[in-house]
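S.K.: Keeping their order, the protein sequence lines are chains A and S. With my numbering applied, the first sequence covers 915 to 1222. With my numbering applied, the second sequence covers 1297 to 1810.
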Amino acid sequence: MDIDLITNILYAMIRTGTPLLIVALGELVCEKSGVLNLGQEGMMLMGAVIGFIVALTTGSLLLGFLLAMLAGVLMSLIFGLITMELSANQVASGLALTIFGTGLSAFIGSDFVGKPITGLDPVFIAGLTDLPIVGRMLFGQDLVVYLSFLLFGAVYWFINTSRPGLILKAVGENPHAANAIGLPVMKTRYLAIIFGGAMAGLAGGYLSLAYTPLWAENMSAGRGWIALALVVFASWKVGRVLLGAWLFGLASILHLVFQGLGFAVSPNLLAILPYLATVVVLVILSSNQTRSRLVAPMSLGKPFYAKG
Amino acid sequence: MQHTLPPRLTLRGISKQYPGCLANDDIHLDIAAAEIHALLGENGAGKSTLMKVIYGLVKPDQGEILWDGLPIEVKDPAHARQLGIGMVFQHFSLFETLTVTENIALALGNEAGELNALAEKIRAVSEKYGMAINPDREIHTLSVGERQRVEIVRCLVQDIQLLILDEPTSVLTPQEVDTLFITLRQLANEGCSILFISHKLNEVKALCHKATVLRAGQVSGECIPADEDTTSMARLMVGDDTPISTTYPKRQGSTPLLKIIDLNRASPDPFGVDLKHINLTVNAGEIVGIAGVAGNGQEELLASLSGELPCQDERTITFAQTPMGTQPPDQRRQWGLAFVPEERLGRGAVPEMSLTENALLTGFLTGMVSKGMVAWQKAETFADNIIAQYKVKTAGRQAQADSLSGGNLQKFIIGREIMQNPRILIAAHPTWGVDIGAATAIHKALIQLRDQGAAILVVSEDIDELFLISDRIGAICDGALSPIKPTPESSIEQLGRMMAGDFSPSNSNERVNS
Chain A
915 MDIDLITNIL YAMIRTGTPL LIVALGELVC EKSGVLNLGQ EGMMLMGAVI GFIVALTTGS
975 LLLGFLLAML AGVLMSLIFG LITMELSANQ VASGLALTIF GTGLSAFIGS DFVGKPITGL
1035 DPVFIAGLTD LPIVGRMLFG QDLVVYLSFL LFGAVYWFIN TSRPGLILKA VGENPHAANA
1095 IGLPVMKTRY LAIIFGGAMA GLAGGYLSLA YTPLWAENMS AGRGWIALAL VVFASWKVGR
1155 VLLGAWLFGL ASILHLVFQG LGFAVSPNLL AILPYLATVV VLVILSSNQT RSRLVAPMSL
1215 GKPFYAKG
Chain S
1297 MQHTLPPRLT LRGISKQYPG CLANDDIHLD IAAAEIHALL GENGAGKSTL MKVIYGLVKP
1357 DQGEILWDGL PIEVKDPAHA RQLGIGMVFQ HFSLFETLTV TENIALALGN EAGELNALAE
1417 KIRAVSEKYG MAINPDREIH TLSVGERQRV EIVRCLVQDI QLLILDEPTS VLTPQEVDTL
1477 FITLRQLANE GCSILFISHK LNEVKALCHK ATVLRAGQVS GECIPADEDT TSMARLMVGD
1537 DTPISTTYPK RQGSTPLLKI IDLNRASPDP FGVDLKHINL TVNAGEIVGI AGVAGNGQEE
1597 LLASLSGELP CQDERTITFA QTPMGTQPPD QRRQWGLAFV PEERLGRGAV PEMSLTENAL
1657 LTGFLTGMVS KGMVAWQKAE TFADNIIAQY KVKTAGRQAQ ADSLSGGNLQ KFIIGREIMQ
1717 NPRILIAAHP TWGVDIGAAT AIHKALIQLR DQGAAILVVS EDIDELFLIS DRIGAICDGA
1777 LSPIKPTPES SIEQLGRMMA GDFSPSNSNE RVNS
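Written out as structure tokens, the structure reads:
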């Protein structure tokens, strides 16, 4: 395997892993607050289609990304209202949100299928981009990839060292105790849901404006689900979300690797690898009750009713 | 000029109406500075509501709160803490996977400051008041008594004027209670007022300067506990027409009915307790009581006996020589076991089901099901009988289980099990949350079942109850069972030591043969 191939694989790994990383960071924050939102896929698709339409009609990629995030936020607010105000089941509501988002995005985007757009260009950083091997991987990407690095750092800092992060964890751990000592349970959960929506919208926008600059029905292709699995895979640890996202990114471009090595393996076969890895990790995690009870936010998926 | 100072806290005419229940009705209360004030009352008397009003968790419908003589409205717990009001909850408001320091930082809000400095402060405060805790430990690694210390220290790291403790001794061994009282007296000497919520008269007498007694949402009396005897205070709590206490003759059992031989089990739950070499015999015609602080293996022991967690070896548990260790719950029930679990809603009863359906759930063996069909009339009669005989307050047999108050549902569940005339009855906390009158009824039913020749095992945190009804008594601590001694030969003090894990021979002269 020559240097060029390795450089290319690493570059593609990050690029493929970026949307996964962004969605998974959003979902991680959401789940840390005790809310399980299975609507990632639907929110991503809405972000993708709205971002694409806005960028195509206005010519502004920035506006496209911003409205993609807004679309994700609005979708997440639907979920928030249903599960928080009406105390509906989170799993069912999340599934419904995905189905809703898939259908609505296809409907809105039907006139835009196959239309061309100029996607986000990579931004090279003088000196760093030319580094061997890691140069293109880390410094030859587009702005959203750099933003995902920043987001990772911010979420890592927020959850592990900040006081609001501590409140987030406390709310997800035991909302009744949090309420009893006067922490704002509902507000925290709403903000977490909204952050999750914004991240899903951004990741959707990345797909239709940068990764493959076009709109196609159902173009997120299960990435929302992979991100959900990724959070479990990472056992709700921010650092492992980054590793996992890039690893899953690598797994989904493995056919390139095998082609480079001269093996003829069906890309379809290799495409199941991320899913297979998820199943394996889920089995390993749930086989040990101690571990699974200590890592998952304890109130995950349970509605909170304020009493009194 | 101390006598001209207004009380630290005054409640005037506090009322709070819940749907179908007037929880607080025109309550007046004064707590002076440095006073330890007891709030006495049975479960459901309105104590919890009242303290939630003080702590800003519940808004009163009417009435006025005065703080140092000035009218205030406590908006929320954060506001209460600003005023200098701290509260130790009965069900702890702690976060299992966070450390002691993080837990305390959460409650302090923005004043928490830097975590390392806070940890130092926690160490200092816990040493000053004799409550050793390590700030770096995660809560799930702490015992119940240690968790309570965390809750108290959480209040003390702030400038505290009034400390509210909700039934703080219910989770402690008698020795731990003594230590707690020393801390509380020290606090009061420093000028902090303490509101001590309890239904345990001896403790109130030992600790408190004044007492306000609640009954059915109203103040039924005020007194100076030191000048009263426990009976007169009990009268204020329960009213005139409830029998307060009885004694029951102790019996010696005959043949062994329930036998556990060397039960070892690693708990499947990471926060659970492993059972270690448990040996126990319960004879026909006796009640064996097992005391213990919650979370010392009671759940695991009960689940092993009920069949929810079957044993490896069928001979580990035998019912009258019949090996039962590997049998599932329904087989054990078929043999004649009845079981009253600790958790009423969810395990004792299905919350959304009617009382008739819940009666059927364990009563199906008594002829309510034939050839796979339910004989509903029999089930309804059975449910009606339970309701009548155990004076269950409910709209009727069609009422959902979760519409009943905790005490009433407990009466129903106990009644359902006892009325099936079991040969072995295992009951966890049989009178927890039940008022005194109903508790007496449940005790009488247990004694009657014993006298009919059943073997009864009672697991409870209420030591007084165990001394009252048990013929033999022991304690469980950290998954190990103490020797079981005849009740007349044990003392509360001795039992307290056993609850703390001290099973030493000086503590007991005989070992149990099994």
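A virtual CB, placed ideally from N, CA and C, is assigned to each residue, including glycine.
Quick check on the DSSP output: the beta strand (DSSP E) that includes L1305(S) runs from which residue to which?
M.R.: Per DSSP, L1305(S) belongs to the beta strand (DSSP E) from L1305 to Y1314.
S.K.: Determine the chain S residues that contact I1095(A) at a beta-carbon separation under 7 Å, and present them in chain order.
M.R.: Correct list: P1373, S1389, L1402 and A1403.
S.K.: Is P1647(S) helix, strand or coil by DSSP?
M.R.: Coil.
S.K.: Hey, does K1083(A) have any beta-carbon neighbour from chain S nearer than 9 Å?
M.R.: Yes, K1083(A) lies at the interface with chain S (some Cβ there is under 9 Å from its Cβ).
S.K.: Let me confirm a value: C1504(S) is counted as buried when at least 16 other C-beta atoms fall within 10 Å, else exposed. Which label applies?
M.R.: The residue in question, C1504(S), is buried, as its Cβ has 16 or more Cβ neighbours within 10 Å.
S.K.: Quick one: which chain A residues come within Cβ less than 7 Å of F1660(S)?
M.R.: What F1660(S) touches in chain A: nothing, since even the nearest Cβ is about 31 Å away.
S.K.: DSSP puts M1669(S) in a beta bridge; with which residues?
M.R.: Answer is S1666(S).
S.K.: Can you tell me whether W1129(A) is helix, strand or coil according to DSSP?
M.R.: In this structure, W1129(A) counts as coil in the three-state DSSP scheme.
S.K.: Per DSSP, S1494(S) is paired with what?
M.R.: According to DSSP, which records beta bridges pairwise, S1494(S) is partnered with L1336(S).
S.K.: E1392(S) touches chain A at which residues, Cβ-Cβ below 8 Å?
M.R.: By Cβ distance, chain A contributes E1087, N1088 and M1212.
S.K.: Can you tell me whether R1077(A) is helix, strand or coil according to DSSP?
M.R.: Reduced to three states, the DSSP call for R1077(A) is helix.
S.K.: Kindly indicate if chain A contains any beta-carbon less than 9 Å away from that of A1408(S).
M.R.: With 9 Å as the cut-off, A1408(S) counts as an interface residue toward chain A.
S.K.: Leaving out the 5 sequence neighbours to the left and right, which residues in its chain are closer than 7 Å to S1550(S) when beta-carbon positions are compared?
M.R.: Within the same chain, S1550(S) has close Cβ partners N1579, A1580 and G1581.
S.K.: Hey, is the stretch 916–931 of chain A in contact with the stretch 1164–1175 of chain A, meaning 3+ C-beta pairs nearer than 8 Å?
M.R.: These segments touch.
S.K.: Measure the C-alpha to C-alpha separation of P1251(S) and I1759(S) and round it to an integer number of angstroms.
M.R.: Only positions 1297 to 1810 of chain S appear in this structure, which leaves residue 1251(S) out of reach.
S.K.: Straight-line CA distance for G1352(S) to I1493(S)?
M.R.: The straight-line gap from Cα to Cα measures roughly 17 Å.
S.K.: Near A985(A), which residues of its chain fall below 6 Å by C-beta distance, leaving aside the five closest residues on each side in sequence?
M.R.: Around A985(A): M960, G961, I964 and G1115.
S.K.: How big is the Cα-Cα spacing for K1312(S) and P1470(S)?
M.R.: About 35 Å.
S.K.: Whose C-beta lies closer than 6 Å to the C-beta of T921(A) among residues of the same chain, with five residues either side of it excluded?
M.R.: Cβ within range, chain order: I1047 and R1050.
S.K.: For R929(A) and chain S, any beta-carbon pair shorter than 9 Å?
M.R.: Taking Cβ atoms only, chain S never reaches closer than 9 Å to R929(A), which makes this a no.
S.K.: Let me see if you follow: with CB-CB separation under 9 Å, is N1805(S) close to chain A or not?
M.R.: In this predicted model, N1805(S) has a pLDDT of only 44, less than 50, meaning its place in the structure is not dependable enough to derive any value.
S.K.: Could you list which residues in chain A have their beta carbon closer than 9 Å to that of E1398(S), in chain order?
M.R.: By Cβ distance, chain A contributes L1080, K1083 and A1084.
S.K.: Between the stretch 1437–1461 of chain S and chain A, which residues of the former have a C-beta closer than 9 Å to a C-beta of the latter?
M.R.: Residues R1450.
S.K.: Does chain A have any CB closer than 9 Å to the CB of L1243(S)?
M.R.: Nothing in the structure corresponds to residue 1243(S), since chain S is present only between 1297 and 1810.
S.K.: How about D1326(S): is its Cβ closer than 8 Å to a heavy atom in the ligand NAP?
M.R.: This structure lacks the ligand NAP; in fact it carries no ligand of any kind.
S.K.: Which first and last residues belong to the beta strand (DSSP E) in which M1383(S) is found?
M.R.: Run containing M1383(S): I1381 to V1384, per the beta strand (DSSP E) assignment.
S.K.: Going by DSSP in three states, E1331(S) sits in which element: helix, strand or coil?
M.R.: It is coil, neither helix nor strand.
S.K.: Distance, Cα to Cα, V1589(S) vs F1385(S)?
M.R.: Each residue's alpha carbon lies about 17 Å from the other.
S.K.: The alpha helix (DSSP H) spanning G994(A) covers which residue range?
M.R.: Run containing G994(A): L975 to G994, per the alpha helix (DSSP H) assignment.
S.K.: If you run the structure through DSSP and keep just helix, strand and coil, what is D1698(S)?
M.R.: Residue state, collapsed to three classes: helix.
S.K.: Using 9 Å as the threshold, is the C-beta distance between L1034(A) and L1065(A) below it?
M.R.: Taking 9 Å as the Cβ cut-off, L1034(A) and L1065(A) do not qualify as a contacting pair.
S.K.: Considering only residues of the same chain and omitting the five flanking positions on each side of H1324(S), which have a CB-CB separation below 7 Å?
M.R.: Counting only Cβ-Cβ distances below 7 Å, and skipping sequence neighbours, we find L1307, R1308, G1309 and V1515.
S.K.: Beta-carbon of Q1298(S) versus every beta-carbon of chain A: anything under 9 Å?
M.R.: Residue confidence for Q1298(S) is low, a pLDDT of 48 falling below 50, so the modelled location carries little weight; the figure read from the coordinates is stated next. No, its Cβ sits nowhere closer than 9 Å to a Cβ of chain A.
S.K.: Residues in its own chain within less than 7 Å of R1433(S) by CB, not counting five upstream and five downstream?
M.R.: Same-chain partners within the cutoff: T1395 and V1396.
S.K.: Counting only beta-carbon atoms, is R1433(S) nearer than 9 Å to chain A?
M.R.: No, its Cβ sits nowhere closer than 9 Å to a Cβ of chain A.
S.K.: Once DSSP output is grouped into helix, strand and coil, what is the label at Q1378(S)?
M.R.: Helix at Q1378(S).
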